[in-house]
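Residue 311 is where the sequence shown ends in the numbering used here, and the numbering goes up by one at each step.
Ideal Cβ positions, reconstructed from N, Cα and C, are used throughout, including at glycine.
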Amino acid sequence: MSTAELNDFLDLTPEVAEALAGNRPVVALESTIISHGMPYPQNVETALSVERIVREHGAVPATVAVIGGRLRAGLTADEIDHLGRKGREVIKVSRRDLPVVVARGLDGATTVASTMIVAALAGIDVFATGGIGGVHRGAERTMDISADLEELAMTPVMVVCAGAKSILDLGLTLEYLETKGVPVLGYGTDELPAFYTRQSGFGVDYRVDSPAELARILDAQRRLGFPGGALVANPIPERHSMDREVIDEAIDQALAECDERGIHGKETTPFLLARIAEITGNDSLDSNIQLVFNNVALGAEIARELCALRA
Ligand code: PSU
Ligand code: MN
Numbered sequence: 001m002s003t004a005e006l007n008d009f010l011d012l013t014p015e016v017a018e019a020l021a022g023n024r025p026v027v028a029l030e031s032t033i034i035s036h037g038m039p040y041p042q043n044v045e046t047a048l049s050v051e052r053i054v055r056e057h058g059a060v061p062a063t064v065a066v067i068g069g070r071l072r073a074g075l076t077a078d079e080i081d082h083l084g085r086k087g088r089e090v091i092k093v094s095r096r097d098l099p100v101v102v103a104r105g106l107d108g109a110t111t112v113a114s115t116m117i118v119a120a121l122a123g124i125d126v127f128a129t130g131g132i133g134g135v136h137r138g139a140e141r142t143m144d145i146s147a148d149l150e151e152l153a154m155t156p157v158m159v160v161c162a163g164a165k166s167i168l169d170l171g172l173t174l175e176y177l178e179t180k181g182v183p184v185l186g187y188g189t190d191e192l193p194a195f196y197t198r199q200s201g202f203g204v205d206y207r208v209d210s211p212a213e214l215a216r217i218l219d220a221q222r223r224l225g226f227p228g229g230a231l232v233a234n235p236i237p238e239r240h241s242m243d244r245e246v247i248d249e250a251i252d253q254a255l256a257e258c259d260e261r262g263i264h265g266k267e268t269t270p271f272l273l274a275r276i277a278e279i280t281g282n283d284s285l286d287s288n289i290q291l292v293f294n295n296v297a298l299g300a301e302i303a304r305e306l307c308a309l310r311a
């Protein structure tokens with residue numbers, strides 16, 4: 001019911017629509033990472049490279065955003081450039097923002113949560129990005145828990161990420177996902193990666209060593225009739241990983257400034273991301289870009305395996 005109505009607001013590019021209709025692999029990509037996650041022009045360069053890498057791995061990229069109030073799966077290079085140039089002027093759109101942005105005919109950059117919504121509406125099973133939102137440190141006081149976690153609980157999309165940044169409470173994030181019935185799958189690892197580093201000290205639910213098995217898990221979840229998604233945690237390649245102490249120090253400093261300045265709500269994550277990038281300079285940005293490349297390549301492989309399974 002609500003799906004059909006929301007679909008009235010959805011536009012797929014012909015390439016994405018044809019791939020989906022022909023059981024060919026498609027990978028959804030988010031746009032908050034473009035407008036709020038990285039500085040210009042690296043954000044645009046990264047988004048375009050990401051699309052190329054998805055293609056090189058045999059899948060069609062579907063970058064998701066809201067453009068002029070339309071939910072879009074698949075953007076033009078000009079639209080990606082626009083979202084990157086405008087940066088934080090573009091509204092960061094999570095689930096609760098979607099109806100307003102659609103009704104007002106505005107542009108919006110979609111978070112993990114809203115990208116999952118659009119992917120599911122479009123019939124895209126796999127979505128790859130950098131990091132997800134989660135339970136923030138101090139959430140017992142602020143109640144700051146990302147809507148991304150609720151979306152993983154209810155929307156049937158497999159999300160490939162590099163774990164979560166330790167701006168979050170990783171232990172509480174895992175507890176929350178367990179409660180919500182979201183499988184956390186470590187790709188080639190028993191440990192939840194911490195975005196910039198391969199290890200966090202927290203275990204994942206299952207280690208999975210092949211894209212084919214990830215596709216079988218996704219397929220089983222669908223055929224069981226479960227409503228939610230799954231999280232694949234793909235560690236940053238060793239050669240691009242950062243020194244734990246350097247990054248932890250930057251994160252602590254950014255968190256302290258966030259607290260001092262009384263930043264809250266949807267501004268918290270973009271503020272922390274921007275400050276960490278400023279404090280650590282190009283090192284963290286390079287790592288961030290490389291881990292996204294690594295994740296979208298895996299996403300394309302999972303999408304291909306899923307299509308093979310369904311052929
Ligand atoms: N974490 C990152 N990079 C990001 C984000 C989170 O390392 O770009 C973005 C994603 O779009 C994610 C959103 O869905 O921030 C979460 O925001 P919030 O914590 O306000 O839910
Ligand atoms: Mn929040």
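Check                                                                                                                 : Outcome
Host alpha helix (DSSP H) of residue 212 (start-end)                                                                  : 211-223
4-residue-minimum alpha helix (DSSP H) runs that sit fully inside the region 129-184, ordered along the chain         : 139-142, 147-154, 170-179
Limits of the alpha helix (DSSP H) - the one that residue 86 falls within                                             : 77-86
Environment of residue 43 [buried if 16+ CB atoms lie within 10 Å]                                                    : buried
Closer than 7 Å: residue 260 CB and nearest the ligand PSU heavy atom                                                 : no
DSSP state of residue 308 mapped onto helix, strand, coil                                                             : helix
Top-ranked residue by Cα proximity to residue 188, from 179, 167, 214                                                 : 214
Coarse secondary structure for residue 24, derived from DSSP in three states                                          : coil
Contact set for residue 196: own chain, Cβ-Cβ below 6 Å, skip 5 residues either direction                             : 242, 247, 287
Residue 176 and residue 132 closer than 8 Å at C-beta                                                                 : no
Residue 290 to residue 237 span [Cα, whole Å]                                                                         : 8 Å
Spatial neighbours of residue 83 in its chain, beta-carbon cut-off 7 Å, leaving aside the 5 residues before and after : 31, 34, 35, 65, 90, 109
Contact under 8 Å by Cβ, residue 212 with residue 221                                                                 : no
Where residue 11 falls: helix, strand or coil (DSSP)                                                                  : strand
As assigned by DSSP and simplified to three states, the class of residue 67                                           : strand
Rounded C-alpha distance that separates residue 100 from residue 72                                                   : 16 Å
Host alpha helix (DSSP H) of residue 115 (start-end)                                                                  : 112-122
Cutoff 6 Å; reference residue 399; Cβ partners in own chain excluding five residues on either side                    : With the chain covering only 1 through 311, there is no way to say anything about residue 399.
Assigned exposure category for residue 123 - 16 Cβ within 10 Å defines buried                                         : exposed
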